[in-house]
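In this note's numbering, the protein residues as written are 307 to 453.
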């Protein structure tokens with residue numbers, strides 16, 4: 307798995323050991339930065355072409371946010387659909403223990419919540435969980451989606 311470890315450095319994680327940033331090709335760092343921006347800003351076609359070319363679907367940044375987390379948190383249901391369709395892990399928590407589903411519930415992105423639940427996201431996972439967030443914000447509609 308690839309994972310960014312500082313604002314503009316990327317590591318390839320196999321044993322959770324951090325690579326020396328000086329050993330990472332600047333072009334790889336630039337690419338990773340663009341990929342996270344595609345997910346965050348909703349650039350579906352750019353992200354799709356890079357995923358089709360072999361970019362890992364569960365790429366994570368320095369905060370442990372996956373492409374799926376960023377797309378979900380910013381309300382980009384088409385990108386969320388693309389990522390889960392390519393096998394993204396819907397339960398992958400960031401470094402704070404948050405899941406993409408909890409992020410979508412917190413932000414109130416109904417379409418993203420539906421896509422994630424249909425893809426098998428666990429509303430009880432993470433902290434706070436999507437279920438806890440829905441209860442906290444009085445979102446009975448979300449509770450009924452996964453009940």
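Glycine residues also receive a C-beta, built at the ideal position from the N, C-alpha and C atoms. Remember, predicted model here, so these are calculated numbers, not experimental data.
Item: Using only alpha-carbon positions, find the residue among 377, 418 and 405 that is nearest to residue 431.; Value: 405
Item: In angstroms, rounded to a whole number, what distance separates the CA positions of residue 311 and residue 443?; Value: Its pLDDT being 38, under 50, residue 311 is placed unreliably by the model, and nothing is read from it.
Item: From which residue to which residue does the alpha helix (DSSP H) around residue 336 run?; Value: 332-347
Item: Where in the region 375-404 do unbroken runs of the alpha helix (DSSP H), each at least 4 residues long, occur, reported from the N-terminal end onward?; Value: 383-391
Item: Go ahead and pull the three-state DSSP assignment for residue 372.; Value: strand
Item: Which residue comes first and which comes last in the alpha helix (DSSP H) that contains residue 471?; Value: Outside the displayed range of the chain (307 to 453) lies residue 471, so it cannot be described from this structure.
Item: CA-CA distance, residue 362 and residue 446?; Value: 35 Å
Item: Could you tell me the alpha carbon to alpha carbon distance between residue 376 and residue 345, rounded to whole angstroms?; Value: 6 Å
Item: Tell me whether the beta-carbon of residue 436 lies closer than 8 Å to the beta-carbon of residue 407.; Value: yes
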